[in-house]
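Colleague: Add 73 to a position in the sequence shown, counting from 1, and you land on the number used in the working numbering. All residues carry an ideal CB built from backbone N, CA and C; glycine is no exception. Just so we're clear, the structure is a prediction, and the values are computed from it rather than from any experiment. Submitted below is the structure of interest, expressed as C-alpha cells.
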Amino acid sequence: MVAGWFTDYTDYTDDGDDGDGVDFRLLGTRCAACASVFFPREDSFCRNPACGGGELVEVPLSKRGRVWSYTDGRYRPPAPYVSDPDAEWEPYTIVAVELEAERMVVLGQAVPGVRVTDLAVGMEVEVVPGVLNENAETVWTTWHWRPMGAPS
Ligand SMILES: [Zn+2]
74 MVAGWFTDYT
84 DYTDDGDDGD
94 GVDFRLLGTR
104 CAACASVFFP
114 REDSFCRNPA
124 CGGGELVEVP
134 LSKRGRVWSY
144 TDGRYRPPAP
154 YVSDPDAEWE
164 PYTIVAVELE
174 AERMVVLGQA
184 VPGVRVTDLA
194 VGMEVEVVPG
204 VLNENAETVW
214 TTWHWRPMGA
224 PS
C-alpha cells in the first residue's frame, strides 16, 4: 500500500458526522488549473489531456458515495498459500463506488461480512478504515466501503 492514499485517522477528531470518533478519508490530488481530481493520487502532472497543467494539491475525497457496481471475490488462494484445505476461507466483496462531487469511481473491499446479496446499485456507502494485513508487530490499514446503516 502506497503511503498517502488516506488520512492517518488517529490524528483526526470526530467531526460529528459519523459518531464513531474518527474522520477517515481517502486522499486524492486536484489540479489547480482544471479542478480534475485524481485517485490514486497523481503528484507529477495533470492527466487531463485538455489541461495545460497546474499545481496538484492534496484533497480529501468525499466520505460517502453510491454503489456503482460490485462483484464477489470468492476464491481460495492457490497452494502453497493455504496449508489447510479444510480451513474456512472468508470470501470478500469488491465494490465500485461513485463519488458524485469528484465524478469518479473508487474501488475497494466492502467491510468484512457484507456480501453481494447485501448490496444494490445506488446504495449509499461510506469509507471506513479496515485491516489489509497484520502480524504480531504491524497492522497495515486499508479502506473499506460500509453500507450506511450497517453495523460497524
Ligand atoms: Zn489540470
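State yes or no: is the C-beta of Val110 within less than 8 Å of the C-beta of Met196?
Modeller: no
Colleague: If we call anything under 8 Å between Cβ atoms a contact, is Trp218 one with Ala193?
Modeller: It is not a contact, given that the beta carbons lie outside the stated cut-off.
Colleague: Check the C-beta distance from Ala105 over to Glu128 and give it rounded, since I have them as a contact under 8 Å.
Modeller: 4 Å
Colleague: May I have the straight-line CA-CA distance separating Glu207 from Ala123, to the nearest angstrom?
Modeller: Roughly 43 Å separates the two Cα atoms.
Colleague: Can you tell me which of Gly181, Arg103, Glu173 and Met221 puts its alpha carbon nearest to the alpha carbon of Thr166?
Modeller: Nearest to Thr166 by C-alpha distance, out of Gly181, Arg103, Glu173 and Met221, is Gly181.
Colleague: Ordered along the chain, which non-local residues of its own chain (more than five positions away) have a Cβ less than 7 Å from that of Asp84?
Modeller: Any answer about Asp84 is weak, because its pLDDT of 44 lies below 50 and its placement is not dependable; what the coordinates show is given next. Same-chain partners within the cutoff: there are none.
Colleague: Say the cut is 7 Å; is the CB of Ser109 nearer than that to a heavy atom of ligand 1?
Modeller: yes
Colleague: Taking only the alpha-carbon atoms, compute the straight-line gap between Arg188 and Ser117 and give it to the nearest angstrom.
Modeller: 37 Å
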